[in-house]
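Using my numbering, the final residue of the sequence shown is 377, and nothing's skipped along the way.
Beta carbons are placed, not taken as given, at the ideal position from N, Cα and C, and that holds for glycine.
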Amino acid sequence: MILAAGVLAAAVVLIFIILFTFTRRNYMLNLKGKTQNQKDIELFLKNNEKLTPKRYNYSDLKKMTNSFSDKLGKGGFASVYKGKLPDAHLVAVKILEESKGNGEEFINEVASISRTSHVNVVTLLGFCFEGSKRALIYEFMPNGSLEKFICSNISKAERQLEWEKLFQIVVGIAHGIEYLHKGCNTRILHFDIKPHNILLDKDFIPKISDFGLAKLCPNRSSIVSMLGTRGTIGYIAPEIVYRNVGDISYKSDVYSYGMMVLEMVGETKNTDVRVDRSSEKYFPDWIYEHLEQNFEFDFNRVVNEDEVLKKKMVIVSLWCIQTDPTTRPSMNRVIEMLEGNVESLQIPPKPYFLQPRAAANFSTTESSVTLS
Numbered sequence: 006m007i008l009a010a011g012v013l014a015a016a017v018v019l020i021f022i023i024l025f026t027f028t029r030r031n032y033m034l035n036l037k038g039k040t041q042n043q044k045d046i047e048l049f050l051k052n053n054e055k056l057t058p059k060r061y062n063y064s065d066l067k068k069m070t071n072s073f074s075d076k077l078g079k080g081g082f083a084s085v086y087k088g089k090l091p092d093a094h095l096v097a098v099k100i101l102e103e104s105k106g107n108g109e110e111f112i113n114e115v116a117s118i119s120r121t122s123h124v125n126v127v128t129l130l131g132f133c134f135e136g137s138k139r140a141l142i143y144e145f146m147p148n149g150s151l152e153k154f155i156c157s158n159i160s161k162a163e164r165q166l167e168w169e170k171l172f173q174i175v176v177g178i179a180h181g182i183e184y185l186h187k188g189c190n191t192r193i194l195h196f197d198i199k200p201h202n203i204l205l206d207k208d209f210i211p212k213i214s215d216f217g218l219a220k221l222c223p224n225r226s227s228i229v230s231m232l233g234t235r236g237t238i239g240y241i242a243p244e245i246v247y248r249n250v251g252d253i254s255y256k257s258d259v260y261s262y263g264m265m266v267l268e269m270v271g272e273t274k275n276t277d278v279r280v281d282r283s284s285e286k287y288f289p290d291w292i293y294e295h296l297e298q299n300f301e302f303d304f305n306r307v308v309n310e311d312e313v314l315k316k317k318m319v320i321v322s323l324w325c326i327q328t329d330p331t332t333r334p335s336m337n338r339v340i341e342m343l344e345g346n347v348e349s350l351q352i353p354p355k356p357y358f359l360q361p362r363a364a365a366n367f368s369t370t371e372s373s374v375t376l377s
């Protein structure tokens, strides 16, 4: 009995030692990893010092936000607070969660927006990087995100934005994406275009925000490696999920834009879309079938201006969500179609849908992103 008790005690001690050693090893590895990440970020900030905006201390953030008293919202990996600079300029302070990744999102945001200057792209006024604390300081957008103005529980009678204003927002976003693709010295692919990431100023001018998933492309024609799938369900282009569809390029942003515009028009609510490997179709054909049944493409009859704007948005968005990336228009062409005559618009073909065999080719391995 005594011998058995001794063996049991020894076993317990051994298990404790193993668990302690394993836990300590993991802790030291995580600590080493965090230290290396911080060094990498500091090196990035030093190498891009001329491009990056003003750097603030964490104590500065507490002052400008009144100890984070006015919370504007919370996303998957960050919280946003209303703040005020010493000159009384209102700002939005985005605090990234400490557990969020290896700093890639922080670097993406600073690297991307620091290179931009456009009326339809949000302005980064400053940032904070202090140990594990990371924050981004943006211009304040009084009207918040586009999402709250097009949510599905708002009836058409209660629509908060008139069709003309909604159309202006659609055109403004198109100009912003076109600028990111062609107007910067460094081409920027956003990879997360959706209503939540479109902010509206006091005059409802749209501003593209949240560049955490963006990819920078130094040259007009280059290859960028991308690991896995990125984006938001309901807006992700099929080629990002199914590698055999085509090259991942700026046309992936075009697809996301098209899905967003359809949602703005009110013909579908994208949060109902589900990407499922076992699904028979990547893109649900009920969206297109719903449009065929409920939307009349008759340009010969007399229609009011609102109907003209709606038709433009629907037709352009259907071109944007073509399954084959090569058949989607560039954002420059999108702008031309939106600003041109509705009579000149051609009805797009019905997108083909991906069958289960495509799902079998689903891959999250590293792939090449080709830009043309």
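Exercise for review: Could you tell me which residues DSSP puts in a beta bridge with residue 262?
Suggested key: In the sequence shown, the residue the question calls residue 262 occupies position 257. Within the DSSP secondary-structure output, residue 262 pairs in no beta bridge.
Exercise for review: Flag residue 62 as yes when its Cβ comes closer than 7 Å to any non-hydrogen atom of the ligand MG, and as no otherwise.
Suggested key: The ligand MG is not among the ligands present in this structure, which contains no ligands whatsoever.
Review point. Looking at the unbroken alpha helix (DSSP H) that takes in residue 179, where does it start and where does it end?
Key: Working through the sequence shown from its first residue, we reach residue 179 at position 174. Per DSSP, residue 179 belongs to the alpha helix (DSSP H) from 168-183.
Practice item. State the DSSP-derived secondary structure class of residue 141, mapped to helix, strand or coil. Key: The residue given as residue 141 occupies position 136 in the sequence shown. Here DSSP, grouped into helix, strand and coil, assigns residue 141 to strand.
Review point. Is residue 367 helix, strand or coil by DSSP?
Key: On the sequence shown, position 362 is the one that residue 367 refers to. Low confidence applies to residue 367: its pLDDT is 36, below 50, so where it sits in the model is not reliable enough to give any reading.
Point to revise | Segment contact, 8 Å Cβ cut-off, at least three pairs: the region 241-249 with the region 205-212 | key: No: the two stretches stay apart, fewer than three of their Cβ pairs being nearer than 8 Å.
Review point. Under a three-way DSSP split, which group does residue 188 fall into?
Key: To locate residue 188, count along the sequence shown from 1; it is residue 183. Helix.
**Study point:** Between the CA atoms of residue 328 and residue 78 - distance to the nearest angstrom
**Key:** Position 73 of the sequence shown, counting from 1, holds the residue named residue 78. Position 323 of the sequence shown, counting from 1, holds the residue named residue 328. Rounded to the nearest angstrom, the two C-alpha atoms are 34 Å apart.
**Study point:** Cβ-based neighbour list, residue 127, same chain, cut-off 8 Å, excluding 5 preceding and 5 following
**Key:** Mapped onto the sequence shown, residue 127 falls at position 122. So the list reads 118, 143, 144, 146, 204, 212, 213, 214, once near-sequence residues are dropped.
Exercise for review: Given a cut-off of 8 Å, decide if residue 99 and residue 83 are closer than it, judged by their beta-carbon atoms.
Suggested key: On the sequence shown, residue 83 is found 78 positions in, with the first residue counted as 1. On the sequence shown, residue 99 is found 94 positions in, with the first residue counted as 1. In contact: residue 83 and residue 99 (Cβ atoms closer than 8 Å).
Exercise for review: Return helix, strand or coil for residue 85, following the three-state DSSP convention.
Suggested key: Translated into positions along the sequence shown, residue 85 becomes position 80. In this structure, residue 85 counts as strand in the three-state DSSP scheme.
Check your understanding: What three-state label does DSSP hand residue 241 in the structure shown?
Key -> The sequence position of residue 241 within the sequence shown is 236, counting from 1. In the structure shown, residue 241 adopts coil according to DSSP, grouped into three states.
Exercise for review: Give the range of the beta strand (DSSP E) segment to which residue 126 is assigned.
Suggested key: For the purposes of this step, residue 126 is identified with residue 121 of the sequence shown, where counting begins at 1. First-last for residue 126: undefined, no H or E at that position.
Point to revise | Under the three-state DSSP convention, the category residue 60 falls into | key: Residue 60 sits at position 55 when you count from the first residue of the sequence shown. The answer is strand: DSSP assigns residue 60 an E or B state.
Exercise for review: For residue 155, write down the residues that DSSP places opposite it in a beta bridge.
Suggested key: Taking the sequence shown and counting its residues from 1, one reaches residue 155 at position 150. Looking at the DSSP output, residue 155 shares a beta bridge with no other residue.
Exercise for review: Would you mind reading off the limits of the beta strand (DSSP E) that contains residue 97?
Suggested key: Stepping through the sequence shown from its first residue, residue 97 is reached at position 92. Per DSSP, the unbroken beta strand (DSSP E) holding residue 97 starts and ends at 95-101.
Exercise for review: Take residue 206 as the anchor and find which of 86, 44, 95 has the nearest alpha-carbon.
Suggested key: The count along the sequence shown starts at 1 and reaches residue 206 at position 201. It is 95.
Check your understanding: residue 218 and residue 113: beta carbons closer than 8 Å?
Key -> For the purposes of this step, residue 218 is identified with residue 213 of the sequence shown, where counting begins at 1. For the purposes of this step, residue 113 is identified with residue 108 of the sequence shown, where counting begins at 1. It is a contact, given that the beta carbons lie within the stated cut-off.
Exercise for review: Please report how far the alpha carbon of residue 265 lies from the alpha carbon of residue 240, in whole angstroms.
Suggested key: As a first step, residue 265 is located in the sequence shown; it is residue number 260 there, counting from the start. As a first step, residue 240 is located in the sequence shown; it is residue number 235 there, counting from the start. Rounded to the nearest angstrom, the gap between the Cα atoms of residue 265 and residue 240 is 7 Å.
Review point. DSSP three-state call for residue 350: helix, strand or coil?
Key: The residue given as residue 350 occupies position 345 in the sequence shown. Reduced to three states, the DSSP call for residue 350 is coil.
Review point. Quick one: what's got a C-beta closer than 6 Å to residue 141's C-beta in the same chain, skipping five residues either side?
Key: On the sequence shown, residue 141 is found 136 positions in, with the first residue counted as 1. Excluding residues within five positions, the ones whose Cβ falls inside 6 Å are 99, 114, 132.
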